[in-house]
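Working notes, beginning with the structure itself.
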Amino acid sequence: MKMIKILKGASLFDGTGKDLIEDSILIIDEKGRILDVGDSKAINILQYKNTEIFDLTGKYLLPGLIDAHVHIGYHGLHNTYDENFFDDKLRAIRAVKEMENTINAGFTTVRNCGSVNQLDFFVKESVEKGYINGPRILTSGKILSITCSGTDYFKGLYRIADGYDQFKKAAREQLEMGADILKVMATGAVMNPGGVPGAEQPDLKELQAVVEEGRKLGKRVAAHAHGNVGIKNAIKAGVATIEHGSFADDDTIEMMIDNNIYLITTLIVGHLLLIHGEENGIPEFMLNKQKELRSLRLNTIKKAVEKGVKITMGSDAGVSPYNYHGKNACEMVCYVNEGLMNPKDAVISATKIAAEACGLDKELGTLEKGKVADLIVLDADPFENIETLIDSNNVKIVMKEGQILKNINK
Ligand SMILES: [Zn+2]
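The sequence shown lines up with residues 1 to 410 when you count with my numbering.
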């Protein structure tokens, strides 16, 4: 029998930016929606019958975390080229464990930004059918890219298209399989040897083809873009999010703000490459590109934060070395440790802002009356020490749509 859940006593951060409620009550109805939330003095819990009560005194209650940029099916191998030697069946089995790690770490939603051989559709289905425990998954299928150097480094990841018509067809193929978003390479990449990160790739018309196809079905487009021309083309075409944004100058940053663009940072990628280095198997080409890029990327993001771009948490989990599914919160730690944000804003980038970027903010991202009850309960105060978010043992309870997916609260 389904019951009303009452979570009481936790310090609650609702994700809107308001101060913590020190002694809170949060009530979840039988359908998994938030019936009421607020200070314990303001809510009479005795009015509810058929309840299950969770005493969370001394704990921290937050909205479920959202990672707006992951790669399901990739495993964070130190030599990324070795990802090619896994059979899809093995990739799928590993993805089961990785989605479990992700949900256990408090991430209740992930937006996939490209999967080899469209594995993400099947992983999503297995979560939805209850075969495996995992986050809500927004799928993209393959990444749309022009014919260019570097794309064969990740075999099966890209759907190559050239010209307006081919981009339409490529987008339609992903949508046919059930893509929730479309991912397009607007510039070259850091993570493959031939990619020139600053270089513009599709023409404006080609990018428009992708956005047009997405719009027909109400689906957003995520554009991988490092250089200014590529970023601007993507924005002109009508994408919703810019992934990486490394070289964005003042003019481009202004354009992001004017067009309500969400900038997905993936800063942890470079950090992990540089701390592990060549001695731990990082490919030389990748390290060299990253050394050039690191301080520039940090400066760009810093400027974007200061000017008010909506910075959105995205880790690139899976596709870069040592970047593991389940350790997604490292990105938020990066924000704080690099002096870009305070811990509260880092959490907001992975809750409220990330929900907006994914188009899910009507239902998710904050703990407010009427919203879907995706939430996490933590032992340690993440605002005191953001690094505690990395340790999934600190995540005591995870609920998705009011359903308990993890409970190690003793
Ligand atoms: Zn990526």
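The beta-carbon is built from N, C-alpha and C at its ideal position, and this holds for glycine as well.
Because the structure is a prediction, the values reported are computed rather than measured.
For residue i, three-class secondary structure by DSSP
i, result
"F54", "strand"
"I21", "strand"
"M185", "strand"
"K310", "strand"
"H224", "strand"
"E125", "helix"
"K352", "helix"
"I43", "coil"
"H71", "coil"
"Y153", "helix"
"K89", "helix"
"L77", "coil"
"M3", "coil"
"L296", "helix"
"K325", "One point to set straight first is that residue 325 is His, not Lys, in the sequence displayed. Here H325 sits in coil by DSSP."
"V37", "strand"
"M286", "helix"
Neighbourhood of residue i by C-beta distance below 7 Å, restricted to the same chain and skipping five residues each side
i, result
"A380", "T388, N394"
"G281", "H78, N79"
"A346", "M332, Y335, V336, I386"
"D162", "I146, T147"
"M177", "Q118, F121, G141"
"Q290", "V190, G270, L273, L274"
"I257", "K307, G308, V309"
"K205", "Y164"
"K302", "L340"
Spatially closest choice to residue i from the options, by CA coordinates
i, options, result
"G198", "N260, V269, K169, L296", "L296"
"M3", "G15, L20, I27", "I27"
"N112", "C358, I397, L46", "C358"
"I66", "G318, G106, T187, G178", "G106"
"G38", "L7, D249, A240, A209", "L7"
"I53", "A170, A179, A10, Y164", "A10"
"E125", "G156, A92, N104, L12", "A92"
"Y131", "A68, K97, G245, E206", "K97"
"K236", "S392, V123, V210, P283", "V210"
"F154", "H71, L204, L405, E173", "H71"
"D374", "A223, I261, F85, P135", "P135"
"I404", "P382, I376, S40", "I376"
"Y48", "G64, E30, G245", "E30"
"L360", "K5, K219, D316, N328", "K219"
6 Å CB neighbourhood of residue i in its chain, flanking five on each side removed
i, result
"A304", "I253, L263"
"Y74", "E83, G318, V319"
"T151", "S145, Y158"
"E401", "G32, V372"
Residues near residue i by beta carbon distance below 8 Å, same chain, minus five either side
i, result
"L217", "L175"
"D36", "I25, L26, I27, I43, K369"
Outcome for residue i when other beta-carbon atoms lying within 10 angstroms are tallied against a minimum of 16
i, result
"E279", "exposed"
"T102", "buried"
"G277", "exposed"
"M1", "exposed"
"G326", "buried"
"S115", "buried"
"T57", "exposed"
"N323", "buried"
"T51", "exposed"
Rounded distance between the beta-carbons of residue j and residue i, thought under 8 Å
i, j, result
"M185", "I143", "6 Å"
"D16", "T366", "Before going further, note that residue 16 is Thr rather than Asp in the sequence given. At roughly 5 Å, the Cβ-Cβ gap stays under 8 Å, so T16 and T366 are in contact."
"L273", "V221", "Not really, about 27 Å apart at Cβ, beyond 8 Å."
"T351", "G314", "Contact doesn't hold; Cβ gap of about 13 Å is too wide."
"P202", "F167", "7 Å"
Note to self: Closer than 5 Å between the C-beta and any heavy atom of ligand 2: which residues qualify, listed along the chain?
What the structure shows: As for ligand 2, it is missing from this structure, which binds only ligand 1.
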